[in-house]
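Visitor: Protein chains in written order, with this note's numbering: chain A, 29 to 481; chain B, 15 to 473. Here it is, the structure, as structure tokens.
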């Protein structure tokens, strides 16, 4: 394919609206071009992505006449962790690359020379040096999802993230702000890379602050999982568990100190606009430190970016209001987002508290089991969230999530006409859910000191 | 398979079936209706003795022998009625269910019951007080006294219903059987058959059965108490067991038959000739597919002493054996679960590290791997791991291991102490995992002993 990695005309048209007008188009107006683009992508990707070809062969879907046709072609959110964990433990790096190739549009990671690679993080870095910008998403069991990305993916994400940030908050990418990330750097994770992009675009050089200097590696998380594993295999001894527990305590102390230090640095910059990016849980921790140290409010032009959930952190019911009160920045202007780790794009929060779907993401609401389209009730759909993201280039853009959402097709109270999502819950946390998989929660776990070593 | 619109559950109390449709449930696409739950009637009163307390064991054995005959004849059609209804929603095929039902009576064979007693409880101590003489002390008397027992049953095999009822009868206690959602019919069908022989028989009056949704705290919290029961016996998966253990309290003893995994250890003798290999694969397939692999005795990991190539030859033979119908297995069972399918599909392309035989339609799958995988195989999925020596497999045997099938059987004697020390509970010749003579230990214990209270009348 000549235009490998490039966008077709139709896709290009969807992506043209990236930025200011992206969220003004009503869903109806996009239906036709989205279907055309879906068929284009299917035709281009089928010969390249082995796992997609198999789905197409098995389901007999070779053309997408309507949205329901795409359902059998969506990957499940567990697809990207379907490799045997022993590959990582036994350092079978070539085999791991071969597995990843099944889902990649440039399936030649297995040609990369992984000689000398010791850890999963080194494997990710080595693949990156060879044009496969793999990222990980860690699960609490110590087995992470691994997703390939092309250079085009990275370029797209950078452009999208910066434009959306500017659109939503008014921040301009002039390398002018002190930046705060209440998390360690995570070089192998998507969120860590996005934060790096923000730091480069918006951050004042030498005024960029992470919770710790030491990066959090996938291997650290795997090691914590290894104790659980050896416990279940019956090879762990009590002192090993005790070590793990005391490492956790030491880690918690370190994290507590790091939050205190960050709160101090923020306080010292209360007279200029800063940017703080983190999950709700991280903002809660940070704002609590600010409260305790009697810090004043942030400069009113400061930018707060948040996403993700609380991942089990226990907080008071009005925690959002409390964070807002301490920061002193109107919550309606925060940069909020909803998405999933398997796609590049994200839904952007609006002043009405909803999340808006951009033109280049096809939102698909399925029944609980992810088998059929959910029925439309008025102009509202409720069910399992699935996406097709035309912004994903290195892999297939279709994925079914573990989230239960409510999506509205009529214009949002905020004034934007695009489809909007008002509630997001995880099926795994709902009584009706039957999932056995635990969702990723590594960062919050780190903050609470739940894993150590 | 047509879905029955409604499955009607009967309770059993005071020697009689109770019908009704006051409560409705749905489970795996089936509607279940059950009568009102009268907990006051289902819970035994401490001021009344157990109905069978003073019955002699010979009378009980006579009655159970009659039960055995009546189950074989099924004159009133209770069994065939239950079987028909069950086959509409059981994950097992009708052919397997028919086989299971035809063997329900076996649990009431007099010789089998006599053997159980001989292995687990002295008959005299069940029938009355037996004299014992502690050194230098006066003679005392002890009795294996009937207890009050609640049972949370598992429904993956109809046979479990018969085994539990026979144990209840032998130990003379007062029993409440909580019917499982996946088979709420077999217990009552057997109890009704017994009631037709002699409605007021003390054994019949000793056993009640009722349905509620497993783990329903509002119900279980009211009745799982020392004031009503001495023992709770729970069978089943992790959630059922954990929920039962939560009620453990002084005076309220919880016995669990835990969720288990079974394995096979196959020696290099299997490769003696191509015919031997085929025979061994047939035995391995038989052990792997007990109740379409929905039994805790079904082998999911098979360690084979040989090279990768030899293991592959075994895998190939095993995959073709999985296609066969067996008494407790369907050649074509339910399609592989999506998450399992995804994990296995990932392995398919990882040759030579892994190799996969079979499809996802339900014919069975064999995966050759260098070590057990990180997903839980179920529904006719067998993981075959080549090892240089069978002792290499010990590290994968844990407290979660139930049955270990060994080929050739002569090697059991060399392996058994190590296997037991690691946590395994039952060592069998390859191919007989499904055959479980009553009277032998069950999950590391002697079940009849856990169903009585030992009382002392000290001299």
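Built from N, CA and C at the ideal position, the CB exists for glycine as well. Here the structure is a predicted model, which means the values were calculated and not measured.
Going by beta carbon distance, what residues of the same chain come within less than 6 Å of residue 31 of chain B, once the five residues before and after it are set aside?
Guide: Your numbering for residue 31 of chain B matches position 17 in the second chain. 24 and 206.
Visitor: Consult DSSP for residue 457 of chain A and reduce its assignment to one of helix, strand or coil.
Guide: Residue mapping note: residue 457 of chain A aligns to position 429 of the first chain, counting from 1. If DSSP states are grouped into helix, strand and coil, residue 457 of chain A belongs with the helices.
Visitor: Along the chain, where does the alpha helix (DSSP H) containing residue 196 of chain A start, and where does it finish?
Guide: Within the first chain, the letter at position 168 stands for residue 196 of chain A. 179 to 197 is the extent of the alpha helix (DSSP H) around residue 196 of chain A.
Visitor: Under 8 Å between beta-carbons, which chain A residues line up against residue 324 of chain B? List them in chain order, please.
Guide: Looking up residue 324 of chain B in the second chain gives position 310. Going along chain A, no residue has its Cβ under 8 Å from residue 324 of chain B, so there is no contact; the nearest lies around 21 Å.
Visitor: Let me check understanding here. Comparing Cα to Cα, which of B:196, B:233 and B:268 lies closest to residue 461 of chain B?
Guide: In the second chain, counting from the first residue as 1, residue 461 of chain B sits at position 447. When only C-alpha atoms are compared, the closest one is B:268.
Visitor: What would DSSP say about residue 244 of chain B, mapped onto helix, strand or coil?
Guide: Reading the second chain from its first residue, position 230 is the one you call residue 244 of chain B. DSSP places residue 244 of chain B in coil when its eight states are reduced to three.
Visitor: Assuming the contact rule is C-beta atoms closer than 8 Å, residue 443 of chain B and residue 423 of chain B should be a hit. Round their C-beta distance to whole Å, please.
Guide: Numbered from its first residue, the second chain carries residue 443 of chain B at position 429. Numbered from its first residue, the second chain carries residue 423 of chain B at position 409. Confirmed, Cβ separation roughly 4 Å.
Visitor: Assuming contact is defined by CB atoms lying nearer than 8 Å, are residue 195 of chain B and residue 96 of chain B in contact in what I supplied?
Guide: The sequence position of residue 195 of chain B within the second chain is 181, counting from 1. The sequence position of residue 96 of chain B within the second chain is 82, counting from 1. Contact: no.
Visitor: In or out: residue 421 of chain A buried (at least 16 other Cβ within 10 Å) or exposed?
Guide: Counted from its first residue, the first chain places residue 421 of chain A at position 393. That one is buried.
Visitor: Which residues does DSSP pair with residue 347 of chain A in a beta bridge?
Guide: Mapped onto the first chain, residue 347 of chain A falls at position 319. Paired residues: none, contrary to the question.
Visitor: Output yes if chain A places a C-beta closer than 8 Å to the C-beta of residue 8 of chain B; else output no.
Guide: Only positions 15 to 473 of chain B appear in this structure, which leaves residue 8 of chain B out of reach.
Visitor: Can you grab the Cα-Cα spacing for the pair residue 59 of chain B / residue 242 of chain B, in whole Å?
Guide: The residue you call residue 59 of chain B lines up with position 45 of the second chain. The residue you call residue 242 of chain B lines up with position 228 of the second chain. Rounded to the nearest angstrom, the two C-alpha atoms are 7 Å apart.
Visitor: Please list the residues of the segment 256 to 279 of chain A that have a C-beta atom closer than 8 Å to any C-beta atom in chain B, keeping them in chain order.
Guide: Hits within the stretch, in order: 260, 261, 262 and 263.
Visitor: Might you give, ordered along the chain, the residues of its own chain that have their beta carbon closer than 6 Å to the beta carbon of residue 108 of chain B, omitting 5 neighbours on each side?
Guide: Locating residue 108 of chain B in the second chain gives position 94, where the first residue counts as 1. Cβ within range, chain order: 101.
Visitor: Is residue 102 of chain B helix, strand or coil when you go by DSSP?
Guide: Along the second chain, one-based indexing puts residue 102 of chain B at 88. Residue 102 of chain B: coil per DSSP, three-state reduction.
Visitor: What's the gap between the Cα of residue 270 of chain A and the Cα of residue 413 of chain B?
Guide: Along the first chain, read from residue 1 onward, the residue named residue 270 of chain A stands at position 242. Along the second chain, read from residue 1 onward, the residue named residue 413 of chain B stands at position 399. Cα-Cα distance, rounded: 22 Å.
Visitor: In three-state terms, what does DSSP make of residue 136 of chain B?
Guide: Numbered from its first residue, the second chain carries residue 136 of chain B at position 122. DSSP places residue 136 of chain B in coil when its eight states are reduced to three.
Visitor: For the structure I just gave you, are there three or more beta carbon pairs, one from the segment 406 to 425 of chain A and one from the segment 180 to 188 of chain A, closer than 8 Å?
Guide: Flag = yes, the segment 406 to 425 of chain A and the segment 180 to 188 of chain A touch.
Visitor: Is it true that the segment 222 to 239 of chain B meets the segment 115 to 132 of chain B, where meeting means three or more beta-carbon pairs spaced less than 8 Å apart?
Guide: No, the segment 222 to 239 of chain B is not in contact with the segment 115 to 132 of chain B.
Visitor: Please classify residue 293 of chain A as buried or exposed, where buried requires at least 16 neighbouring CB atoms within 10 angstroms.
Guide: Residue mapping note: residue 293 of chain A aligns to position 265 of the first chain, counting from 1. So residue 293 of chain A ends up on the exposed side.
Visitor: Go ahead and pull the three-state DSSP assignment for residue 406 of chain B.
Guide: In the second chain, counting from the first residue as 1, residue 406 of chain B sits at position 392. Helix.
Visitor: Does any CB atom of chain A fall closer than 8 Å to the CB of residue 352 of chain B?
Guide: Within the second chain, the letter at position 338 stands for residue 352 of chain B. So, interface residue.
Visitor: So which residues on chain B does residue 120 of chain A lean against when the C-beta distance must stay under 7 Å?
Guide: Residue mapping note: residue 120 of chain A aligns to position 92 of the first chain, counting from 1. In chain order: 367.
Visitor: Under the three-state reduction of DSSP, which class applies to residue 206 of chain A: helix, strand or coil?
Guide: Reading the first chain from its first residue, position 178 is the one you call residue 206 of chain A. Residue 206 of chain A: strand per DSSP, three-state reduction.
Visitor: Can residue 190 of chain B and residue 56 of chain B be called in contact, C-beta distance under 8 Å?
Guide: Along the second chain, read from residue 1 onward, the residue named residue 190 of chain B stands at position 176. Along the second chain, read from residue 1 onward, the residue named residue 56 of chain B stands at position 42. Taking 8 Å as the Cβ cut-off, residue 190 of chain B and residue 56 of chain B qualify as a contacting pair.
Visitor: Can you find a heavy atom of the ligand PLP that lies under 7 Å from the Cβ of residue 338 of chain A?
Guide: Among the components modelled here there is no ligand, and therefore nothing to report on the ligand PLP.
Visitor: What residues from the segment 376 to 387 of chain B come within 8 Å of chain A, judged by C-beta to C-beta, listed N to C?
Guide: So the list reads 383, 384, 385 and 387, given in the order they occur along the chain.
Visitor: Could you check the C-alpha separation between residue 443 of chain A and residue 195 of chain A for me, to the nearest Å?
Guide: Taking the first residue of the first chain as position 1, residue 443 of chain A is located at position 415. Taking the first residue of the first chain as position 1, residue 195 of chain A is located at position 167. Cα to Cα, residue 443 of chain A sits roughly 15 Å from residue 195 of chain A.
Visitor: Any contact of the segment 302 to 314 of chain B with the segment 388 to 406 of chain B, i.e. 3+ C-beta pairs under 8 Å?
Guide: At 8 Å Cβ cutoff, the stretches touch.
Visitor: Pick helix, strand or coil for residue 287 of chain A, following the three-state DSSP scheme.
Guide: The count along the first chain starts at 1 and reaches residue 287 of chain A at position 259. Reduced to three states, the DSSP call for residue 287 of chain A is helix.
Visitor: From the beta carbon of residue 363 of chain B, is the nearest beta carbon of chain A less than 8 Å away?
Guide: Against the second chain, residue 363 of chain B aligns to sequence position 349. Yes, its Cβ sits closer than 8 Å to a Cβ of chain A.
Visitor: In this structure, how does DSSP classify residue 361 of chain A when only helix, strand and coil are distinguished?
Guide: For the purposes of this step, residue 361 of chain A is identified with residue 333 of the first chain, where counting begins at 1. DSSP places residue 361 of chain A in helix when its eight states are reduced to three.
Visitor: Excluding the 5 residues flanking residue 27 of chain B on each side, which residues of the same chain have their C-beta closer than 7 Å to its C-beta?
Guide: Counting from one through the second chain, the residue named residue 27 of chain B turns up at place 13. Excluding sequence neighbours, residue 27 of chain B sits near 55, 56 and 222.
Visitor: Tell me, which residues are paired with residue 408 of chain A by DSSP?
Guide: Position 380 of the first chain, counting from 1, holds the residue named residue 408 of chain A. DSSP, once it has assigned bridges, lists A:405 and A:436 as partnering residue 408 of chain A.
Visitor: So which of A:264, A:213 and A:256 has the shortest CA-CA distance to residue 243 of chain A?
Guide: Mapped onto the first chain, residue 243 of chain A falls at position 215. For the residues A:264, A:213 and A:256, the minimum Cα distance to residue 243 of chain A belongs to A:213.
Visitor: Please name the residues in the segment 120 to 135 of chain A whose beta-carbon is closer than 7 Å to at least one beta-carbon of chain B, in chain order.
Guide: Of all residues in the segment 120 to 135 of chain A, 120, 123, 126, 127 and 130 have a Cβ within less than 7 Å of some Cβ in chain B.
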